[in-house]
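Q: For what it's worth, my numbering labels the leading residue of the sequence shown as 106, then goes sequentially.
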Amino acid sequence: RGSSSNSRGALVVLEGLDRCGKTTQSSRLTQYLEGLGHSVELWRFPDRTTSVGQMISSYLSNESQLDDHTVHLLFSANRWEKRSLMETKLKGGTTLILDRYSYSGVAFSCAKGLDLEWCKAPEVGLPAPDLVLYLEISPEMAAERGGYGSERYERIDFQNKVIKSYQVLLGSNWQIVDACRPMEVIEKELQETVLDCVKKCQNGAPLSHLWS
Ligand code: TMP
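Take a look at the structure:
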């Protein structure tokens with residue numbers, strides 16, 4: 106597949122508030138690309154399977170307490186420990202669909218009151234996504250979807266702050282997707298956008314690094 110010698114997989118990120126539908130959409134998107142014969146993998150951050158990821162997981166479920174800065178750096182470390190594999194996969198032609206990435210890292214920590222530039226710094230040098238799909242939904246509507254669980258950040262007042270910090274991060278490779286519509290409608294829209302992106306990367310669009 107792909108005609109250019111610089112052909113590579115695409116790095117596609119799904120972002121949004123808790124319960125915006127990201128997880129469902131990212132797995133459907135992965136299945137769709139697989140069905141077309143593309144090499145594709147679905148990853149999620151935090152990756153709770155590593156030892157860093159286990160510390161994050163116990164923090165999120167309120168089983169442990171950590172300083173806000175410390176947990177921010179753990180989330181970032183959890184991406185850095187996957188960086189080399191991420192780049193290998195992309196260069197090898199595999200498209201990666203990421204359920205959350207550095208934008209979640211910055212948006213959630215800033216919503217706690219941490220400084221924006223401080224939050225962005227540890228992410229510098231990670232592979233930059235070719236496309237960020239932001240699934241837009243109000244916290245009230247998200248909360249109605251089966252209700253929030255017991256995880257640390259699942260509160261409406263906090264999610265409203267997260268929205269504000271996402272807005273600061275919005276860049277030219279972002280697509281805002283109205284996530285209040287039926288699942289199938291959203292799915293179709295994402296398919297078209299992502300397929301375009303995958304083709305660009307097959308044709309050798311260079312991979313850049315954060316924060317670009
Ligand atoms: P999840 O529900 O998608 O597994 O994400 C767990 C929570 O962690 C979610 O509320 C968003 C938050 N989060 C951060 O605070 N920083 C990060 O870097 C990431 C990836 C997620």
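Ideal Cβ placement from N, Cα and C applies to all residues, glycine included.
Only counting the same chain, and skipping five residues up and downstream in sequence, which positions put a Cβ closer than 8 Å to that of Asp220?
A: Here the set comprises nothing.
Q: Give me the Cβ distance between His143 and Val303, rounded to the nearest whole Å; I'm assuming they're in contact under 8 Å.
A: 6 Å
Q: For the beta strand (DSSP E) that contains Arg149, what are its first and last residues?
A: Val145 to Arg149
Q: Per DSSP, what kind of secondary structure is Ser130 in: helix, strand or coil?
A: For the sequence presented, residue 130 should be read as Gln rather than Ser. In the structure shown, Gln130 sits in a helix (DSSP, three-state: H, G or I).
Q: To the nearest angstrom, how far is the alpha carbon of Ala226 from that of Asp262?
A: 26 Å
Q: Provide the residue(s) that pair with Ile202 in DSSP beta bridges, ordered along the chain.
A: Val117 and Leu147
Q: Tell me, to the nearest whole angstrom, how far the beta carbon of Glu228 is from that of Gly210; I am working on the premise that it is less than 8 Å.
A: 6 Å
Q: In the structure shown, what three-state DSSP assignment does Tyr253 receive?
A: coil
Q: Check Gly107 in the structure and name its three-state DSSP category.
A: Only weak support exists for where Gly107 lies, its pLDDT of 45 falling under 50; the value from the coordinates is given anyway. It is coil, neither helix nor strand.
Q: Out of curiosity, what's the CA-to-CA distance linking Leu141 and Gly218?
A: 44 Å
Q: Does the stretch 118-127 come close enough to the stretch 279-296 to have 3 or more Cβ pairs within less than 8 Å?
A: yes
Q: Who are the near neighbours of Ala115 in its chain, counting only those whose CB is closer than 6 Å to its CB and skipping five residues on each side?
A: Thr200, Asp235, Cys302, Val303 and Cys306
Q: Rounded to the nearest angstrom, what separates Tyr208 and Leu195 at their Cα positions?
A: 20 Å
Q: Ignore the nearest five residues each way along the sequence and tell me which others in Ser214's own chain have a CB closer than 6 Å to its CB.
A: Here the set comprises His177 and Cys224.
Q: Considering only C-alpha positions, which residue in the set Ser169, Gly197 and Ile202 is nearest to Asn149?
A: The sequence as given places Arg at residue 149; Asn does not occur at that position. Per the Cα distances, Ile202.
Q: Quick one: is the Cβ of Glu241 within less than 7 Å of any heavy atom of the ligand TMP?
A: no
Q: Could you name each continuous beta strand (DSSP E) segment of 3 residues or more that falls completely within the stretch 167-228, going from the start of the chain to the end?
A: 200-204
Q: Using CA atoms only, rank isn't needed, just tell me which of Asp152, Leu238, Met246 and Leu171 is closest to Asn265.
A: Met246
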